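In mature numbering (1 follows the signal peptide of the UniProt record, and there is no 0), the protein residues as written are -31 to -1, 1 to 543.
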């Protein structure tokens, strides 16, 4: 492929092109309008001024190669700029996430799917990619269908659990077994048969059914709340198993890897050019949080690279931890390890070596000679005397220790132990401070409160950073740059307040029917509040008329002004 160069200096080119525009006979001012002739960079008038050395000859292969290269560059730049200007997205029912006080204490969100829209309370999982819903429920084969509603003590409301059915959604389309996009878990019995799926999670939970395409309803995560609809592939679950399945579905947020697997929601939004391949989850106080798609965090957040492609979860967000500092103890360089950030895990799980270092360092620094186990934790300490049952005092003691490095005396009626700071040094050098390294417990029989070290021994060879180590942070999973970011945040909620929660039966937003286009973004027409409006009697703002003599004077003035501008630009650039 031939290379071409331009020998004329950039300064000379700019000056000559601008002077050509000013001197052109077509540069005119009439009726308060102004116009210029436009010339292509490879056109003959430009070649006569800039010279032809190195420029491709019109009609040659090199000419069209140069044109195509320029078009691709401009197109890529426009896509980049468009991504920067996109508003983050969130679910149509709101960006709030929250704990449900049952089963595994997972983070849930209220999502809206199908036409007419139906709401589902789905668990959010950064360790898997499939989004599935209970489908055409049969309580004998699907455990998630055995419960039609649950009571949440934190909200004081009964939450209705809906059931998805492709037949009841006008926008649903069952994925055929002979499709060229996804792998099917079972062989095709016929060309018209459905594409089946089957998945198993680390805790033993299982989900199987068929793949369906339907509409996911979103809104812009800003003050405009513009509705956004996109088609997405979901699992229509007909069978489930395991000890504690999610109560009303699960949304996988894992980084997408296999081209024939079902992409996660963040990857689908990026493919459809509705948001960048990034999302954030905020883990706030009292189990309240938020989620936002396309959010890439802020410039002052801490970051570390994440890696993908590691078994047993190749799309998970794996990071490297170079050092652990707990109080006055720091791990050695030989104890560097990798860990997975997993929102599906309520508690942090660590392999033997890491678990031993933290637990031994912790027990050596607390002001308590004896410890005991309170299931499921191994290292627990009495924190309050029997007459002091208010568990909130535990948090006060802990926060004094963390934020003011306050060491409570051993005879204090408030705090019986000192909680040392726990800091993880990530690859790249940024530090991740664990805001809550312990878990409070209360024994109603003995009227005693305990503080337990919030880590568990990993049953596998995986280190998993769970929700308890993410509390107090907005975590950004940036798939465009392969980095994990974090920044302290209370997620916009007041400390120790009851966070607002959107319940499925109280949907504050009813998404409109999706447009004909598979991927669309509905935006209301722009309104200019400063535009002139007519008075009540129907009068309008009159147009300003310009005489011919005024036009001539404006023409002279305009040319003079532009000449000064050209001179100024030449002085600055050159």
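The beta-carbon is built from N, C-alpha and C at its ideal position, and this holds for glycine as well.
All of these numbers come straight from a predicted model, not from anything done at the bench.
Nearest to residue 324 (by Cα), restricted to the options 253, 91, 187, 428: On the chain shown, residue 324 is found 355 positions in, with the first residue counted as 1. Selected option, being the one with the closest Cα: 428.
Proximity winner among 446, 77, 401, relative to residue 68 (alpha-carbon distances): What you label residue 68 is simply residue 99 of the chain shown in a count that begins at 1. The candidate whose alpha carbon is nearest that of residue 68 is 77.
Residue from 190, 317, 90, 232 whose Cα sits closest to the Cα of residue 131: Here the question's residue 131 lines up with position 162 in the chain shown. For residue 131, the nearest C-alpha among the options comes from 90.
When 296, 118, 56, 161 are compared against residue 194, the one with the closest alpha-carbon: As a position in the chain shown, residue 194 is number 225, starting the count at 1. Among 296, 118, 56, 161, the Cα nearest to that of residue 194 is on 56.
Straight-line gap, residue 403 to residue 172 (C-alpha atoms, nearest Å): Taking the chain shown and counting its residues from 1, the one referred to as residue 403 is at position 434. Taking the chain shown and counting its residues from 1, the one referred to as residue 172 is at position 203. Distance between the alpha carbons of residue 403 and residue 172: 25 Å.
Beta-carbon proximity list for residue 165, same chain, < 6 Å, skipping 5 on both sides: Taking the chain shown and counting its residues from 1, one reaches residue 165 at position 196. The residues are 153, 154, 155, 179.
Pair within 7 Å by beta-carbon distance, residue 248 and residue 262: As a working mapping, residue 248 is identified with position 279 in the chain shown. As a working mapping, residue 262 is identified with position 293 in the chain shown. Cβ atoms of residue 248 and residue 262: closer than 7 Å.
Range of the contiguous beta strand (DSSP E) that encloses residue 169: Position 200 of the chain shown holds residue 169. For residue 169, the uninterrupted beta strand (DSSP E) segment begins and ends at 165 to 169.
Residues that residue 77 bridges to, as DSSP identifies them: In the chain shown, residue 77 corresponds to position 108, counting from 1. Beta-bridge pairing links residue 77 to 67, 92.
Segment limits, beta strand (DSSP E) that includes residue 593: Limits of the chain in this structure are -31 at one end and 543 at the other, which puts residue 593 out of reach.
For residue 438, the three-state DSSP class (helix, strand or coil): Reading the chain shown from its first residue, position 469 is the one you call residue 438. Helix, per DSSP.
Contact check, residue 258 vs residue 66, beta carbons under 7 Å: Here residue 258 refers to the residue found at position 289 of the chain shown. Here residue 66 refers to the residue found at position 97 of the chain shown. Going by C-beta atoms, residue 258 is nearer than 7 Å to residue 66.
Local Cβ density within 10 Å of residue 223, reported as buried at 16 or more and exposed below that: For the purposes of this step, residue 223 is taken as the residue at position 254 of the chain shown. By the neighbour-count rule (16 or more Cβ atoms within 10 Å), residue 223 is buried.
Minimum length 3: unbroken beta strand (DSSP E) runs contained in the region 207 to 241: Taking only runs of at least 3 residues, the beta strand (DSSP E) segments lying wholly in the region 207 to 241 are 219 to 221.
Top-ranked residue by Cα proximity to residue 167, from 210, 289, 273: Position 198 of the chain shown, counting from 1, holds the residue named residue 167. Ranking 210, 289, 273 by Cα distance to residue 167 puts 210 first.
Beta-carbon spacing of residue 119, residue 181 below 7 Å: Counted from its first residue, the chain shown places residue 119 at position 150. Counted from its first residue, the chain shown places residue 181 at position 212. No, the Cβ-Cβ distance between residue 119 and residue 181 is not below 7 Å.
Within the region 257 to 303, ranges of the beta strand (DSSP E) (whole runs, at least 3 residues): 257 to 262, 271 to 276, 287 to 295
Three or more C-beta pairs below 8 Å linking the region 389 to 396 and the region 292 to 311: yes
Inter-residue Cα distance where the pair is residue 61 and residue 344: In the chain shown, residue 61 corresponds to position 92, counting from 1. In the chain shown, residue 344 corresponds to position 375, counting from 1. The alpha-carbon atoms of residue 61 and residue 344 are separated by roughly 39 Å.
Helix, strand or coil at residue 457 [DSSP, three-state]: For the purposes of this step, residue 457 is taken as the residue at position 488 of the chain shown. It is a strand residue.
Outcome for residue 74 when other beta-carbon atoms lying within 10 angstroms are tallied against a minimum of 16: Your numbering for residue 74 matches position 105 in the chain shown. Per the 10 Å Cβ criterion, exposed.
C-beta contact flag for residue 221 and residue 233 at 7 Å: As a position in the chain shown, residue 221 is number 252, starting the count at 1. As a position in the chain shown, residue 233 is number 264, starting the count at 1. Taking 7 Å as the Cβ cut-off, residue 221 and residue 233 qualify as a contacting pair.
Classification of residue 331 by the beta-carbon crowding that lies within 10 angstroms, buried from 16 upward: For this step, residue 331 is matched to residue 362 along the chain shown. Buried.
Helix, strand or coil at residue 428 [DSSP, three-state]: Within the chain shown, residue 428 is the residue found at index 459, counting from 1. Here residue 428 sits in coil by DSSP.
Nonlocal neighbours in the same chain, by C-beta distance under 6 Å from residue 99, ignoring five residues either side: Your numbering for residue 99 matches position 130 in the chain shown. Excluding positions up to five away in sequence, the list reads 168, 204, 221, 231.
Status (buried if at least 16 other CB within 10 Å, exposed otherwise) for residue 341: Along the chain shown, read from residue 1 onward, the residue named residue 341 stands at position 372. Answer is exposed; the Cβ neighbour count stays below 16.
Secondary structure of residue 322, DSSP reduced to three states: Position 353 of the chain shown, counted from the start, is the residue given in the question as residue 322. Residue 322 falls in the helix class under three-state DSSP.
Residue span of the beta strand (DSSP E) that contains residue 393, given as start and end: For the purposes of this step, residue 393 is identified with residue 424 of the chain shown, where counting begins at 1. Start and end: 391 to 395.
Local Cβ density within 10 Å of residue 322, reported as buried at 16 or more and exposed below that: One-based indexing of the chain shown puts residue 322 at position 353. By the 10 Å Cβ count, residue 322 comes out exposed.
Nearest-angstrom Cβ-Cβ length linking residue 430 and residue 308, presumed shorter than 8 Å: Numbered from 1 along the chain shown, position 461 holds the residue referred to as residue 430. Numbered from 1 along the chain shown, position 339 holds the residue referred to as residue 308. Not quite, the Cβ-Cβ distance comes to about 12 Å (not below 8 Å), so this is no contact.
Residues near residue 327 in its chain [Cβ-Cβ closer than 8 Å; skip 5 each side]: As a working mapping, residue 327 is identified with position 358 in the chain shown. Only 293, 295, 319, 391, 422, 424 meet the Cβ criterion.
Supposed contact pair residue 314 and residue 435 - C-beta distance, whole angstroms, cut 8 Å: Taking the chain shown and counting its residues from 1, one reaches residue 435 at position 466. Taking the chain shown and counting its residues from 1, one reaches residue 314 at position 345. Contact between residue 435 and residue 314 is confirmed by a C-beta separation of about 4 Å, below the 8 Å threshold.
Collapsed DSSP secondary structure at residue 137 in the structure displayed: By one-based count along the chain shown, residue 137 stands at place 168. Helix, per DSSP.
For residue 330, three-class secondary structure by DSSP: If you number the chain shown from 1, residue 330 lands on position 361. In the structure shown, residue 330 sits in a helix (DSSP, three-state: H, G or I).
Nearest-angstrom Cβ-Cβ length linking residue 201 and residue 183, presumed shorter than 8 Å: Here residue 201 refers to the residue found at position 232 of the chain shown. Here residue 183 refers to the residue found at position 214 of the chain shown. At roughly 7 Å, the Cβ-Cβ gap stays under 8 Å, so residue 201 and residue 183 are in contact.
Unbroken beta strand (DSSP E) run spanning residue 83, endpoints: In the chain shown, the residue the question calls residue 83 occupies position 114. Careful: residue 83 lies outside any beta strand (DSSP E) and carries neither H nor E.
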